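Down below is the structure, laid out as structure tokens.
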Amino acid sequence: MLKIEALSRAVLKPVSLEVPDGICVSIRGASGSGKSLLLRAIADLDPCSGRVSLDGTDRSQITADAWRRRVTYVAADSGWWTDKVGDHFEYPDIAAGYLVRLGFHGDVMSWPVSRLSTGERQRLALLRAMVQGPRVLLLDEPTSALDPETTAKVESLLHEKINGGIIVIIVTHDAHQAGRMSERRFRMQDGVLSEEAS
Amino acid sequence: MNYIELSYLDIALAASLLTVNAGLSIYYRLGTAKRLLVAATRMVVQLTLVALVLKALFHTVSPWLTLLVGLAMVGFAGREAMARQDRTFIGFWGYGLGTTSMLMAAAIVTIFALATQFHADPWYDPRYAIPILGMILGNTMTGVSLALDRLLAEADNGRARIEARLALGHTFREAMQEPLKSAMRAGLIPTVNGMAAAGLVSLPGMMTGQILAGVDPVEAVKYQLLVMFLLGGGTALGVFCAMMIALRRLTDPRQRLRLDRLRVE
Chain A
3 MLKIEALSRA
13 VLKPVSLEVP
23 DGICVSIRGA
33 SGSGKSLLLR
43 AIADLDPCSG
53 RVSLDGTDRS
63 QITADAWRRR
73 VTYVAADSGW
83 WTDKVGDHFE
93 YPDIAAGYLV
103 RLGFHGDVMS
113 WPVSRLSTGE
123 RQRLALLRAM
133 VQGPRVLLLD
143 EPTSALDPET
153 TAKVESLLHE
163 KINGGIIVII
173 VTHDAHQAGR
183 MSERRFRMQD
193 GVLSEEAS
Chain B
347 MNYIELSYLD
357 IALAASLLTV
367 NAGLSIYYRL
377 GTAKRLLVAA
387 TRMVVQLTLV
397 ALVLKALFHT
407 VSPWLTLLVG
417 LAMVGFAGRE
427 AMARQDRTFI
437 GFWGYGLGTT
447 SMLMAAAIVT
457 IFALATQFHA
467 DPWYDPRYAI
477 PILGMILGNT
487 MTGVSLALDR
497 LLAEADNGRA
507 RIEARLALGH
517 TFREAMQEPL
527 KSAMRAGLIP
537 TVNGMAAAGL
547 VSLPGMMTGQ
557 ILAGVDPVEA
567 VKYQLLVMFL
577 LGGGTALGVF
587 CAMMIALRRL
597 TDPRQRLRLD
607 RLRVE
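So the sequences go chain by chain: A and B.
All residue numbers for the first sequence refer to this note's numbering, where the first residue is 3 and numbers rise by one.
All residue numbers for the second sequence refer to this note's numbering, where the first residue is 347 and numbers rise by one.
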């Protein structure tokens, strides 16, 4: 279970939330309302106050890199630090097993990053986080650059992972996606998180 | 040593070359005459003042005065290094980073050189200490400001790349590996180029000066080699030290990328 207690930083008002295993939570809201800031704060990427714990372990008790391996943030803009796609994956072999399901053909792992489209980068950035086996995935608009068919592929894979017990917090502009993916739906407005009536 | 002493007339004759240039510039309206004359005048005044200060300083041989002048030089070098940055740290470290690393590198290398190769007696004799310090500072300053500029630019522009790695659970050191490599390279390029081209493309200034002043070329080369090694060592040490401080300031105990500590000019 992911437990968030009074997590806050500039712009973001204190957020408290408990998310049990195998649950997906969605957050919608206008640009600049603080959705990404909340995900970053949960991943401990920005200075913030409040407490966050996973399965009873407070994040301050473990190193930041160990925390982020368990609670992994996938940004809306993916970052790539070397030329070859495969070099960004800790377990390229495991990742290769998912490529076809995500709509890839051929040996994308040997491609240069510059050859990838925006949508391809988005899916690969999600995959490279997923194959590291995190307990929580914090996804910032993971399908914003994808067509409906590819979006469905990504959602199906995510459903499978959620059923397997991982926790997903997804930021999306798409109300339908929020409906398809999440058990609990939230809105962010001017830094205040509130649950939508189901 | 057959050393040809220069008269003021000799120097005035050399300066007349600039006057010819200035005349040409005025005739063809190139607009460079004024700048040329201002720069030349500044140089004459600055160097004359330095000569007077050095003369007085060499005369006294006081450890405290030497230390004071040395610290003032480091302070100016720190300012100069900071002024060349597009991005600086907010607060003390904006000025302190370059200054601290240059102080470290220059002090270590200068004292090392004074104590071993030069056998200056007393070791703080300003006749040796001040020129060596000045030379090392000049080179270290260039290296440190180039490396720092590159590191901070890469951190700022490469935020998505660096934070992608942090988010995946890489340590800050791992995430900064590429920017750090690139910055170290940038800082050491002038030193490496200087060593590689020495003697082939140009005769280094100090060696040329010594040869003109009548020193045997082999002796001049020995001095030049010593100086190049001191400069190379000092620059590398200063750059390394600046990078370690900068990396620490760019992150915090939770291994975040703290670009909020930077001010972009």
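Every residue gets a Cβ at the ideal spot worked out from N, C-alpha and C, and that includes glycine.
Predicted model only: the values in this text are computed from it and were never measured.
Measure from the C-beta of residue i to each C-beta in chain B and report whether the shortest distance is under 8 Å.
i: residue 71(A); result: yes
i: residue 167(A); result: no
i: residue 53(A); result: no
i: residue 10(A); result: no
i: residue 113(A); result: no
i: residue 130(A); result: yes
i: residue 134(A); result: yes
i: residue 100(A); result: no
i: residue 74(A); result: yes
i: residue 60(A); result: no
i: residue 77(A); result: yes
i: residue 190(A); result: no
i: residue 180(A); result: no
At least one CB of chain A closer than 8 Å to the CB of residue i: is that the case?
i: residue 506(B); result: yes
i: residue 511(B); result: yes
i: residue 347(B); result: With a pLDDT of only 48 at residue 347(B), under 50, the local geometry of the prediction cannot be trusted, and the value read off the model is given with reservation. No, because no Cβ of chain A sits closer than 8 Å to the Cβ of residue 347(B).
i: residue 594(B); result: no
What residues from chain B crowd round residue i, counting only those whose CB sits closer than 7 Å?
i: residue 48(A); result: 602
i: residue 1(A); result: Because chain A spans 3 through 200 in this model, residue 1(A) falls outside it and cannot be assessed.
List the residues of chain A that residue i touches, going by C-beta distances under 8 Å, in chain order.
i: residue 516(B); result: 67
i: residue 524(B); result: 83 and 84
May I ask you to list the residues that DSSP assigns as paired with residue i?
i: residue 23(A); result: In DSSP, residue 23(A) forms no bridge with anything.
i: residue 114(A); result: 86(A)
i: residue 7(A); result: 53(A)
i: residue 31(A); result: 190(A)
i: residue 197(A); result: 188(A)
i: residue 435(B); result: 608(B)
i: residue 171(A); result: 27(A) and 140(A)
i: residue 59(A); result: 56(A)
i: residue 74(A); result: 139(A)
i: residue 14(A); result: 11(A)
So, under 8 Å CB-CB, residue i and residue j are touching, yes? Tell me the CB distance rounded to an integer number of Å.
i: residue 80(A); j: residue 124(A); result: 6 Å
i: residue 494(B); j: residue 582(B); result: The pair is not a contact, with the Cβ atoms about 14 Å apart (cut-off 8 Å).
i: residue 274(A); j: residue 28(A); result: Residue 274(A) falls outside the range modelled here, since chain A spans only 3 to 200, and no answer is possible.
i: residue 178(A); j: residue 130(A); result: With 8 Å as the limit, residue 178(A) and residue 130(A) do not qualify as a contact, their Cβ atoms being about 27 Å apart.
i: residue 533(B); j: residue 610(B); result: The Cβ separation is near 20 Å, so there is no contact.
i: residue 140(A); j: residue 45(A); result: 6 Å
i: residue 607(B); j: residue 435(B); result: 6 Å
i: residue 573(B); j: residue 481(B); result: 7 Å
i: residue 440(B); j: residue 428(B); result: 6 Å
i: residue 475(B); j: residue 412(B); result: 5 Å
i: residue 479(B); j: residue 497(B); result: So it is not a contact: roughly 25 Å between Cβ atoms.
i: residue 189(A); j: residue 169(A); result: The Cβ separation is near 19 Å, so there is no contact.
Run through chain B and tell me which residues come within less than 8 Å of residue i, C-beta to C-beta.
i: residue 80(A); result: 506 and 510
i: residue 43(A); result: Here the premise fails: no neighbours, minimum Cβ distance about 11 Å.
Can we count residue i as close to the ligand ZN, meaning its CB is less than 7 Å from some heavy atom?
i: residue 353(B); result: For the structure depicted, the ligand ZN is absent and the ligand set is empty, with no information on it obtainable.
At 3 residues or longer, what runs of the beta strand (DSSP E) sit wholly inside the region 124-169 of chain A?
138-142
Where in the region 373-437 of chain B do unbroken runs of the beta strand (DSSP E), each at least 3 residues long, occur, reported from the N-terminal end onward?
433-435
4 or more residues per run - each alpha helix (DSSP H) lying fully within the region 501-568 of chain B:
505-513, 518-521, 523-543 and 551-558
Secondary structure, alpha helix (DSSP H): runs of 4+ residues fully inside the region 438-494 of chain B
438-461
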